[in-house]
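In what follows, a structure is listed as C-alpha cells, so that the remarks can point back to it.
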C-alpha cells in the first residue's frame with residue numbers, strides 16, 4: 337500500500353510580505369490530542385485552552401431536605417426500584433436526583449410520572465462546561481479554506497468551529513522556551 341503523505345507540510349508556509357490570516361480551529365478533548373493533530377498536519381501552531389460552555393441538562397430532583405430525611409427517602413425509593421442518588425454537595429446538597437436529561441421533553445415526562453407517584457419533584461437546570469483545546473496557526477489568506485480542509489483530512493476529523501482573523505503573530509512551541 338502506498339502512502340499519500342509527503343514529507344512537505346500540508347499547509348503552505350507564508351513567505352515574506354504575504355498576507356496571512358490567523359486560523360483558530362477546534363475542539364480537541366486534550367492538549368496532547370491538539371498537539372498531535374498540529375504535528376500530523378505539519379503546522380506551525382500553538383494550542384489554546386478554553387472553557388467551552390455546553391447546553392445545560394434538565395435535572396429532575398426532589399428538593400433539598402435535612403440529611404436524615406433525604407437518606408430515608410432515598411432508601412425507600414431504592415427499595416421500590418427507583419434509580420436515584422443523594423446529591424452530596426453544592427446548591428442542591430441533600431436533594432435526591434432522579435435523572436439528568438438533554439431533552440426538556442424527556443425530563444418533563446419523568447417529572448409528570450414522579451408527580452403521579454406523589455413525589456415532590458422539581459425541574460432544575462444543570463449547568464455544564466468542559467475544557468476544549470484549539471489549534472491556532474497562520475495561513476496565506478488565499479488558502480484558508482483549502483488549508484483547513486487539508487488539516488481536517490490529515491487528522492480525520494471535522495472541526496466544530498473555525499475562526500479566522502488578522503494575525504498578531506503565532507509563536508510555535510519550537511520558538512518558545
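Numbering (my numbering), first residue to last: 337 to 513.
Heads up, the beta-carbon is just placed ideally off N, CA and C, and yes, glycines get one too.
Predicted, not measured: the structure shown is a model, and the values here were computed from it.
Asked, Found
"Answer with buried or exposed for residue 454, where buried requires no fewer than 16 other C-beta atoms within 10 angstroms of its C-beta.", "exposed"
"Select from 463, 470, 393, 395 the residue whose C-alpha is nearest the C-alpha of residue 372.", "470"
"Buried or exposed: which applies to residue 356, given that a residue is buried once 16 or more other Cβ atoms fall within 10 Å of its Cβ?", "buried"
"If you follow the alpha helix (DSSP H) that residue 485 is part of, which residue opens it and which one closes it?", "480 to 491"
"Grab me the residues of residue 496's own chain with a C-beta within less than 6 Å of its C-beta, minus the 5 sequence neighbours each way, in chain order.", "363"
"Considering just the uninterrupted stretch of the alpha helix (DSSP H) at residue 424, what are its terminal residues?", "It is not in any alpha helix (DSSP H) - residue 424 carries neither H nor E in the DSSP assignment."
"Quick check on the burial criterion: 16 or more other C-beta atoms within 10 angstroms. Buried or exposed for residue 370?", "buried"
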